[in-house]
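Residue numbers (this note's numbering): 25 to 293. Even glycine gets a Cβ: it sits at the ideal position worked out from N, Cα and C.
Structure (structure tokens):
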């Protein structure tokens, strides 16, 4: 009997369904992976705004992690919104000593512009969870936040910042160029072996809610399936581009609409 690989997402809940835990579980399912979850925070959120955030207690986070790890054979873990220093410390403690591949999406600001990680929690993020990551997946503003510098404005700057982030502990860093400029969007996967350059046409669309969550979850799905990191990242990049391109067909919300996680699965009839 073939067993379905299991991936775990540890992140916040998005009531609008486009990002966070909801986006991660949709992505896992779309790519053939069973998804488990640990919710770190509840957000009252839609495509336009985040109106309220309520953190899960450390005890609840610990209990959820224990429930999953005690019963499920988790092959990869994705970390998303952790919300604050207490949650970061709690999650890091629960992951200590585990060799499971870990994808860290350092969620700091929602697409609406609402801040999801307080500035005072940045040190905990840098010191406690970056060293646990198989791959860190920051966008340009997140990378700059973590390094305390201005966002990269060129590929050489992206590469330098990626190397600086790798020096903080992650085995690899995927510098995402979605916040850049120009007709081509460039992502750089920086590892000990060099740099893998991934490109895609920059699409003019408002439907970008959950792109970071979706990409990192797709990478975790690939790692859960036993793919090498470069293969997992390349497939995840391709999957996200398809999800963005098909997002207009959803027509969800009046703000930054979600990507279409099931673009390759749903049919018109």
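In terms of DSSP beta bridges, what is residue i paired with?
| i | result |
| --- | --- |
| residue 294 | As displayed, the chain neither begins before 25 nor continues past 293, which places residue 294 out of reach and without an answer. |
| residue 58 | 30 |
| residue 139 | 133 |
| residue 200 | 163 |
| residue 208 | 225 |
| residue 64 | Per DSSP, none; premise fails for residue 64. |
| residue 175 | BP columns for residue 175 are empty, so no partner. |
| residue 213 | 198 and 220 |
| residue 297 | An answer regarding residue 297 cannot be provided, because it is not within the stretch 25 to 293 covered by the chain. |
In the structure shown, what three-state DSSP assignment does residue i receive?
| i | result |
| --- | --- |
| residue 293 | In this predicted model, residue 293 has a pLDDT of only 41, less than 50, meaning its place in the structure is not dependable enough to derive any value. |
| residue 258 | helix |
| residue 230 | coil |
| residue 155 | helix |
| residue 78 | strand |
| residue 185 | helix |
| residue 247 | helix |
| residue 190 | helix |
| residue 218 | strand |
| residue 69 | strand |
| residue 38 | strand |
| residue 50 | helix |
Kindly give me the distance between the Cβ atoms of residue i and residue j, rounded to whole angstroms, as I take these residues to be in contact under 8 Å.
| i | j | result |
| --- | --- | --- |
| residue 168 | residue 175 | 4 Å |
| residue 120 | residue 85 | Going by Cβ atoms, the distance from residue 120 to residue 85 rounds to 14 Å, so no, they are not a contact pair. |
| residue 146 | residue 107 | Not quite, the Cβ-Cβ distance comes to about 13 Å (not below 8 Å), so this is no contact. |
| residue 35 | residue 48 | 6 Å |
| residue 243 | residue 159 | 7 Å |
| residue 282 | residue 41 | 7 Å |
| residue 212 | residue 188 | Residue 212 to residue 188, Cβ: 13 Å. No contact. |
| residue 237 | residue 43 | 5 Å |
Taking residue i as the reference, give the member of the options with the closest Cα.
| i | options | result |
| --- | --- | --- |
| residue 219 | 226, 143, 114 and 197 | 197 |
| residue 131 | 286, 153, 118 and 117 | 153 |
| residue 20 | 43, 89 and 287 | Shown here, the chain extends from 25 to 293; a query on residue 20 therefore has no answer. |
| residue 45 | 156, 82 and 66 | 66 |
| residue 52 | 264, 210 and 158 | 264 |
| residue 27 | 42, 105 and 58 | 58 |
| residue 113 | 96, 93, 83 and 91 | 83 |
| residue 200 | 191, 64, 215 and 223 | 223 |
| residue 251 | 150, 186, 55 and 117 | 55 |
| residue 273 | 254, 229 and 241 | 229 |
| residue 216 | 191, 207, 204 and 155 | 191 |
| residue 77 | 50, 142 and 129 | 142 |
| residue 118 | 87, 270 and 105 | 87 |
| residue 79 | 92, 91, 64 and 93 | 64 |
| residue 156 | 129, 262 and 164 | 129 |
| residue 297 | 75, 30, 148 and 267 | The first residue shown for the chain is 25 and the last is 293, placing residue 297 beyond what the model contains. |
| residue 164 | 151, 149 and 205 | 205 |
| residue 96 | 81, 75 and 62 | 62 |
| residue 241 | 227, 151 and 161 | 161 |
Between the region 115-125 and the region 179-187, are three or more C-beta pairs nearer than 8 Å? no
Decide if the region 245-258 is in contact with the region 225-237; the criterion is three or more beta carbon pairs, one per stretch, under 8 Å apart. The answer is no - the region 225-237 does not touch the region 245-258, with fewer than three Cβ pairs under 8 Å.
Taking one C-beta from the region 275-284 and one from the region 65-73 each time, how about it: are there three or more such pairs within less than 8 Å? Touching, yes.
Decide yes or no for the touch test of the region 233-253 against the region 89-109: beta carbon pairs closer than 8 Å, at least 3 of them. yes
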